[in-house]
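**Student:** Protein chains in written order, with the numbering used here: chain E, 13 to 258; chain W, 1085 to 1327. Cβ coordinates follow ideal geometry from the N, Cα and C atoms, glycine included.
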Ligand SMILES: Nc1ncnc2c1ncn2[C@@H]1O[C@H](COP(=O)(O)OP(=O)(O)OP(=O)(O)O)[C@@H](O)[C@H]1O
Ligand SMILES: [Mg+2]
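#1: Where residue 117 of chain E and residue 123 of chain E are concerned, what is the direct C-alpha to C-alpha distance, given to the nearest angstrom?
#2: Can you pull the DSSP bridge partners for residue 1258 of chain W?
#3: Run through DSSP, which three-state label would residue 229 of chain E get?
#4: Compare the Cα-Cα distances from residue 20 of chain E to each of E/80, E/253, E/87 and E/220 and report the closest residue.
#5: Just mark residue 250 of chain E as buried or exposed, buried being the case when its beta carbon has 16 or more other beta carbons within 10 Å.
#6: What is the DSSP secondary structure of residue 1095 of chain W, reduced to helix, strand or coil?
#7: What's the call for residue 1260 of chain W, buried or exposed, on a 16-neighbour Cβ count within 10 Å?
#8: Would you call residue 258 of chain E buried or exposed, if buried means 16 or more other Cβ atoms sit within 10 Å of its Cβ?
#9: Run through chain W and tell me which residues come within less than 7 Å of residue 100 of chain E, C-beta to C-beta.
#10: Check whether the Cβ atoms of residue 178 of chain E and residue 110 of chain E sit closer than 8 Å, and answer yes or no.
#11: Go to residue 1106 of chain W, then tell me how far its alpha helix (DSSP H) extends in each direction, as first and last residue.
#12: Since I believe residue 101 of chain E is in contact with residue 154 of chain E (beta carbons under 8 Å), could you give me their beta-carbon distance rounded to a whole number of angstroms?
#13: Can you tell me where the alpha helix (DSSP H) with residue 1116 of chain W in it begins and where it stops?
#14: Count Cβ pairs between the region 1185–1202 of chain W and the region 1210–1219 of chain W that sit closer than 8 Å; are there 3 or more?
#15: Strictly closer than 5 Å from CB to any heavy atom of ligand 1: give me those residues in the order they appear in the chain.
#16: Got a sec: which bits of the region 134–167 of chain E sit with their beta carbon under 7 Å from any beta carbon on chain W, in order along the chain?
#17: At a cut-off of 7 Å, is residue 183 of chain E close to ligand 2 when judged by its beta-carbon and the heavy atoms of the ligand?
#18: Can you check which of these residues, E/214, E/183, E/44 and E/65, is closest to residue 235 of chain E by C-alpha distance?
#19: How should residue 14 of chain E be labelled, buried or exposed, when 16 other C-beta atoms within 10 angstroms of its C-beta is the threshold for buried?
#20: Taking C-beta pairs closer than 7 Å, name the residues in chain E that residue 1313 of chain W reaches, listed in chain order.
#21: Going straight from the alpha carbon of residue 99 of chain E to that of residue 106 of chain E, what length do you get?
#22: Starting from residue 206 of chain E, find everything on chain W with Cβ-Cβ shorter than 9 Å and list it in chain order.
#23: Would you kindly check if the distance between the Cβ of residue 1183 of chain W and the Cβ of residue 1139 of chain W is under 8 Å?
#24: Got a sec: which bits of the region 1289–1311 of chain W sit with their beta carbon under 9 Å from any beta carbon on chain E, in order along the chain?
#25: Given residue 156 of chain E, which residues of its chain have a CB within under 8 Å of its CB, disregarding the five upstream and five downstream residues?
#26: Ends of the beta strand (DSSP E) at residue 239 of chain E?
#27: Bridge partners of residue 93 of chain E, per DSSP?
#28: Going by DSSP, what residues sit across from residue 22 of chain E in a beta bridge?
#29: Would DSSP call residue 45 of chain E helix, strand or coil?
#30: Kindly indicate the opening and closing residues of the alpha helix (DSSP H) around residue 53 of chain E.
#31: Flag residue 1287 of chain W as yes if its beta-carbon sits less than 8 Å from any beta-carbon of chain E, otherwise no.
#32: Out of W/1300, W/1133 and W/1244, which one is the CA nearest neighbour of residue 1275 of chain W?
#33: Determine the chain W residues that contact residue 94 of chain E at a beta-carbon separation under 8 Å, and present them in chain order.
#34: Which residue's Cα is closest to the Cα of residue 183 of chain E: E/176, E/121 and E/168?
#35: Where does the unbroken beta strand (DSSP E) through residue 219 of chain E begin, and where does it stop?
#36: Give the interface partners of residue 66 of chain E over in chain W, defined as CB-CB distance under 9 Å, in chain order.
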């Protein structure tokens, strides 16, 4: 589904990703762990196509297409979803308006019929209930005045409404209380399926107890320096990154 | 108004004086009076073609305990000016919500003088503007508090969004206060669309032009706050058509 080959990327002329390779097949969940500043968020932004991140080498193929040739909104319509480490507040745009605009923009690009008002409301209400975000909050401006945990839940609401093929979740577990972590984990697990894949960026073993990954990768200094199964996360938890990088 | 204004007139500081001269003298100001205890809502939409010259003057009196809610969408004319001279008596209230949309080489402005003539009057002015190309957009808000205007509560908020390097937004609050127990607040900011918010929308599948339009509408619609839902929806629809 996703093939990242020898990816190099820089910000403001500073090399951050230095030959990163990673293959994710449909149906798989991959976890990426690594020290602060290793380039994890940079990888997620490069995949989503954020301006300012210059790809200087390598390739990314998503469902057989050259992902790097697509604009951000086209990547979204193709099925890429980025759960942000720091979700953005948008004053004056309600969550409902945001979600509906996004859903219909994606459907339009894919040549699908737009969701009717009734269909959309039914979908959103069900999703918000599943993820424990009060429906009333969806009437408020996007993320404005939301707590850190509520913002992360809101990212999961967006993911559940948009139903991406590939979810890249950047520290979605950070800032969540224990109950919220379980709810969000269930949300991620509900998205698992033979047609979908997930890239989980995390610092914590705890998320991986709920969402058991098929593979764990260690990203240090802009490259994957080690890969393994779910047990690798336990090794990291015990020994830290220093032993791995050495 | 008879003498042709000059650059030295505070209220014409950033105006297109040549355009004004070409239609001078303008008709006398329209008089609006809100009787004691009553409330009135007015909406003015300037949507004349980009070669028109439009000047609207109002002389407004809001009597004791009365209130006026005035919403303005200034999106028309090569030169489009709305000037309000508002006198508030004891306990009166004045709400202004103004939107200015400038594009091309147009000059569009909202100029207000709010006179707090009696005690305890409240004025709330919110002006939002978006300017592209080489447009000039201006909000001049003068608040004059008379000696009798104790417990005046006056607030002005101006925010502008500049879409292009050649576009201009001017704001100049002016206070003239002869009472000692007054609250006058004002804030002015000029900026660009939030790049993080734009990326967020795009990353969810919204094309850049639609994302910009959505954020611009959200920014401007601050000026419609406090309206009943249907009045607000009607103005939002006009705004969408004018953007
Ligand atoms: N706009 C920028 N300009 C310059 N350097 C940047 C910029 N953004 C990020 N960096 C640098 O790129 C490197 C990688 O940052 P990135 O955010 O990808 O790390 P991370 O692995 O996500 O870290 P964390 O675990 O703290 O979230 C860091 O050294 C960071 O300082
Ligand atoms: Mg990060």
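**Tutor:** In short, the structure shows the following:
#1: 10 Å
#2: W/1226
#3: strand
#4: E/80
#5: exposed
#6: helix
#7: exposed
#8: Summary for residue 258 of chain E: the model assigns pLDDT 48, below 50, so the residue's position carries little reliability, and this model does not support an answer.
#9: 1280, 1281 and 1284
#10: no
#11: 1101–1106
#12: 6 Å
#13: Looking at the DSSP string, residue 1116 of chain W is not in any alpha helix (DSSP H); the run it does join, the beta strand (DSSP E), is 1114–1118.
#14: yes
#15: E/23, E/24, E/28, E/48, E/49, E/50, E/51, E/52, E/53 and E/54
#16: none
#17: yes
#18: E/44
#19: buried
#20: Chain E residues near residue 1313 of chain W: none, gap ~12 Å exceeds 7 Å.
#21: 15 Å
#22: Under the 9 Å cutoff, chain W gives no residues; its nearest Cβ is about 23 Å from residue 206 of chain E.
#23: no
#24: 1289, 1290, 1291, 1292, 1294, 1295, 1298, 1299, 1301, 1302, 1303, 1304, 1305 and 1306
#25: 101, 102 and 103
#26: 235–240
#27: E/179
#28: E/27 and E/66
#29: strand
#30: 52–60
#31: yes
#32: W/1244
#33: 1287
#34: E/168
#35: Unbroken run through residue 219 of chain E is the alpha helix (DSSP H), 217–222; no beta strand (DSSP E).
#36: Residues of chain W passing the Cβ test: none, with the nearest at roughly 15 Å.
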